[in-house]
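In short: position in the sequence shown from 1, add 83, done, that's our numbering.
Data block below; observations after.
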Amino acid sequence: MEEPLEIRLSYGAATDRHEQSISITMRTPGNDEELAVGFLAGEGIVTRSDDVRLVEHCGPPSPDKGIRNVVRVELADDVAVDPGGLLRHFYTTSSCGVCGKASLDAVRIHVARRRPRAFSIHAAALRQLPGALRARQTEFARTGGLHATASFDRAGAILRVREDIGRHNAFDKLAGSYLAEGGLAEHGILLSGRASFELLQKAAVAGTALVASIGPPSSLAVELALDQGITLAGFLKPDRFNIYTRPDRISL
84 MEEPLEIRLS
94 YGAATDRHEQ
104 SISITMRTPG
114 NDEELAVGFL
124 AGEGIVTRSD
134 DVRLVEHCGP
144 PSPDKGIRNV
154 VRVELADDVA
164 VDPGGLLRHF
174 YTTSSCGVCG
184 KASLDAVRIH
194 VARRRPRAFS
204 IHAAALRQLP
214 GALRARQTEF
224 ARTGGLHATA
234 SFDRAGAILR
244 VREDIGRHNA
254 FDKLAGSYLA
264 EGGLAEHGIL
274 LSGRASFELL
284 QKAAVAGTAL
294 VASIGPPSSL
304 AVELALDQGI
314 TLAGFLKPDR
324 FNIYTRPDRI
334 SL
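Here it is as structure tokens:
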């Protein structure tokens, strides 16, 4: 199922609150609050759970399916928000979340402020991840049409999985679920498809040290991983995979 989700942001001092629609994305309903918070984290608007006062669905359900398609995020009074920056309204399709960005250079400036933490894993642990992820993709098993993003530990154990019709939404749902736990910096990230530039941008903002994808990475994703010191592995299979950047984190 694919439905539009509008994300509204409430911000400002207690005596001067503002509310603004900042994004519309096509998503698979479910974990909408996580998606909204993860999106804000990826945009650098929130960095910790205390920045978020309230997340809630608002507005009436859709008459045909009974689904609420608006999420309102209320920020703490002391969270600084640039109103001019929020004027960048953009429509995000389920296949291309980077639409509406001013330029790739602006994205690189945005992520350059954070560096990934230490993380290492054995190659054998990486190779078993595709099968472990598939066993946890319950919605993919039912529909055959959803992407997944998962977190995993140094032993190669899948910790948490989020699914969505959009790759970027699946990542935002996962990132949003971890905000209250300090974020994704202590975990590896597994992508069920290709590793796009935008997904590597989100990983860089999250401080993730290692990203593995079952599909190939784009050339810009490899460039960004190199710039940000992220280990990037692709074409992950039970018997082999490619390492594109920072191979020192993977022991053979």
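We put the CB at the ideal spot given by N, CA and C, even for glycine.
Within the DSSP bridge table, the entry for GLU86 names ARG110 as partners. Close CB contacts of GLU117 within its chain, under the 6 Å cut and outside five residues either way in sequence, are with LYS256, GLY259 and SER260 (chain order).
For THR226, the uninterrupted alpha helix (DSSP H) run begins and ends at 221-226, by DSSP. Between GLY290 and ARG200, the CB-CB gap stays under 9 Å. Its chain contains GLY125 and PHE254 as the residues whose beta carbon lies nearer than 6 Å to that of LYS285, once the 5 sequence neighbours on both sides are disregarded; these appear in chain order. In this structure, the alpha-carbon of ARG131 lies about 31 Å from that of PHE223. Here DSSP, grouped into helix, strand and coil, assigns ALA292 to coil. With contact defined as three or more Cβ pairs closer than 8 Å, the segment 147-166 and the segment 291-300 are not in contact. Within the segment 251-309, the complete alpha helix (DSSP H) segments of 4 residues or longer fall at 280-289, listed in chain order. Looking at the backbone, the Cα of ASN252 and that of ARG110 are separated by about 7 Å. Under the three-state reduction of DSSP output, GLU126 falls in the coil class, being neither helix nor strand. For GLN103, the closest of TYR327, PRO144, VAL154 and GLU85 by C-alpha to C-alpha distance is VAL154. For GLN311, no pairing in a beta bridge is given by DSSP. At a Cβ-Cβ threshold of 9 Å, THR328 and LEU303 do not count as neighbours. Using a 10 angstroms sphere on the CB of THR314, the tally of other CB atoms reaches 16 or more, which defines it as buried. The alpha-carbon of ALA96 is positioned some 7 Å away from that of ASP161. DSSP, read as helix, strand or coil, puts SER334 in strand. For ARG210, the uninterrupted alpha helix (DSSP H) run begins and ends at 206-210, by DSSP. Sequence-distant Cβ neighbours of ALA238 in its own chain, meaning closer than 7 Å and more than five residues away, are ALA208. Only residues of its own chain outside the window of five on either side were considered, and among them GLU86, PRO112 and PRO144 have a CB closer than 8 Å to the CB of ILE150, listed in chain order. Proximity to THR108 across HIS101, THR98, ASP99 and PHE122 peaks at PHE122, based on C-alpha coordinates. Put simply, the backbone Cα of ALA263 is about 30 Å away from that of PRO330. ASP133 and PRO299 have their C-alpha atoms roughly 36 Å apart. Linking LEU216 to THR98 through their CA atoms gives a straight-line distance of about 47 Å.
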